[in-house]
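Peer 1: Numbering (my numbering), first residue to last: 5 to 250. The beta carbon of each residue, even a glycine, is placed where N, CA and C say it ideally should be.
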Ligand code: URA
Ligand code: SF4
């Protein structure tokens, strides 16, 4: 998909979401919150559902939890405009209750289509509910800060999933906030490794393992010398498949 096609696809999904009445949450929302960010990004953050501020503005993570998410991104030199931010359900559950399974199921096709269009290298799940979609059966206390393979049925078969606590949990508990800063600092390395895995997967069979081994060594060196902060993009990477983070 070209950049222009991706933009069109994401805007079409957003328009449908704003008009959607597939589940009961449409009746109590002020605004649906489709999600937003860089259509070319390699990294998608997925929260649970809009809260009060998000419902009023129609934008994800603009309240206090959003402030912490922006600070976490800033810790690795990124901004919210560098990534794509969305939620499992696009309309606010009344009183911020957990979304019901039938609401999650009704909304799932939108997230699936967003992930298909974005084809991210990394999906960062924020909180238990989001993690549950991508790493079924995992426990957040153990899975946060770790990666897992993605379920291909989620629309992003080539992504690596990385679990984090929800920023709202971090706001409530200082130790979780500290762990969230530790966790977020791992994302640049997870991204470099996911890029490499995707490149291997897409490499024509005729290219032999010696080239693959050299590429892996180069990436390992890059990852080792940049544990946090700017991700150094390999010179031989496909430029159409790279984010312009830096
Ligand atoms: N919490 C979420 O899970 N998503 C938002 O967009 C805001 C707060
Ligand atoms: Fe539609 Fe999702 Fe909103 Fe339900 S939560 S009304 S499925 S956009």
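When the Cα atoms are used, what is the spatial distance from residue 200 to residue 9?
Peer 2: If you take the alpha carbons of residue 200 and residue 9, they lie about 25 Å apart.
Peer 1: Kindly give me the distance between the Cβ atoms of residue 92 and residue 148, rounded to whole angstroms, as I take these residues to be in contact under 8 Å.
Peer 2: Actually they do not touch by this definition, with Cβ atoms about 17 Å apart.
Peer 1: Can you grab the Cα-Cα spacing for the pair residue 102 / residue 205, in whole Å?
Peer 2: Approximately 37 Å, taken between the alpha carbons.
Peer 1: Does the Cβ-Cβ distance between residue 144 and residue 167 come in under 8 Å?
Peer 2: Their beta carbons are under 8 Å apart, which means residue 144 touches residue 167 by this criterion.
Peer 1: Look at residue 38 and residue 17 and say whether their C-beta atoms are less than 8 Å apart.
Peer 2: Yes, they are a contact pair.
Peer 1: Are there any heavy atoms of the ligand SF4 lying less than 7 Å away from the beta-carbon of residue 29, as far as the coordinates show?
Peer 2: Yes, the ligand SF4 has a heavy atom inside 7 Å of this Cβ.
Peer 1: Taking the alpha-carbon positions, what's the residue 78 to residue 181 distance?
Peer 2: Their Cα atoms are separated by approximately 14 Å.
Peer 1: Pick out the complete beta strand (DSSP E) segments inside the stretch 59-129, 3 residues or longer, and give them in chain order.
Peer 2: Correct list: 88-91.
Peer 1: Going by C-alpha distance, which of 198, 60 and 185 is nearest residue 81?
Peer 2: Considering only alpha carbons, the answer is 185.
Peer 1: By Cβ distance, which residues of its chain are closer than 6 Å to residue 13, with the 5 residues on each side in sequence left out?
Peer 2: So the list reads 121, once near-sequence residues are dropped.
Peer 1: Could you have a look at residue 142 and say whether DSSP puts it in helix, strand or coil?
Peer 2: The answer is coil: DSSP assigns residue 142 none of H, G, I, E or B.
Peer 1: Between the C-alpha atoms of residue 36 and residue 129, what's the straight-line distance to the nearest angstrom?
Peer 2: The straight-line gap from Cα to Cα measures roughly 20 Å.
Peer 1: Where does the unbroken beta strand (DSSP E) through residue 153 begin, and where does it stop?
Peer 2: Looking at the DSSP string, the run of the beta strand (DSSP E) that includes residue 153 is 151-153.
Peer 1: Exposed or buried, which one is residue 164 when buried takes at least 16 other CB atoms within 10 Å?
Peer 2: Burial call: buried.
Peer 1: Given 7 Å as the limit, tell me if residue 107 has its C-beta closer than that to any heavy atom belonging to the ligand SF4.
Peer 2: Answer for residue 107: yes, Cβ within range of the ligand SF4.
Peer 1: Report the residue from 24, 88, 72 and 66 whose alpha carbon sits nearest the alpha carbon of residue 11.
Peer 2: Residue 11 has its Cα closest to that of 88, out of 24, 88, 72 and 66.
Peer 1: Grab the span of the beta strand (DSSP E) containing residue 47 for me, first residue to last.
Peer 2: Per DSSP, residue 47 belongs to the beta strand (DSSP E) from 47-51.
Peer 1: Who's in the neighbourhood of the ligand URA, going by beta-carbon under 7 Å from any heavy atom, listed in chain order?
Peer 2: Residues flagged by the Cβ proximity filter: 37, 51, 52, 53, 54, 55, 58, 64, 65, 67, 69, 70, 91, 130, 131, 170 and 172.
Peer 1: To the nearest angstrom, how far is the alpha carbon of residue 151 from that of residue 139?
Peer 2: Roughly 9 Å between the two C-alpha positions.
Peer 1: Taking 7 Å as the cut-off, does the CB of residue 34 come closer than this to any heavy atom belonging to the ligand SF4?
Peer 2: Residue 34: no, Cβ never under 7 Å from the ligand SF4.
Peer 1: By how many angstroms is the C-alpha of residue 70 removed from the C-alpha of residue 19?
Peer 2: Taking the straight line from one Cα to the other gives about 23 Å.
Peer 1: Compute the Euclidean distance between the alpha carbons of residue 198 and residue 119, then round it to the nearest angstrom.
Peer 2: Near 16 Å, if we compare the C-alpha coordinates of residue 119 and residue 198.
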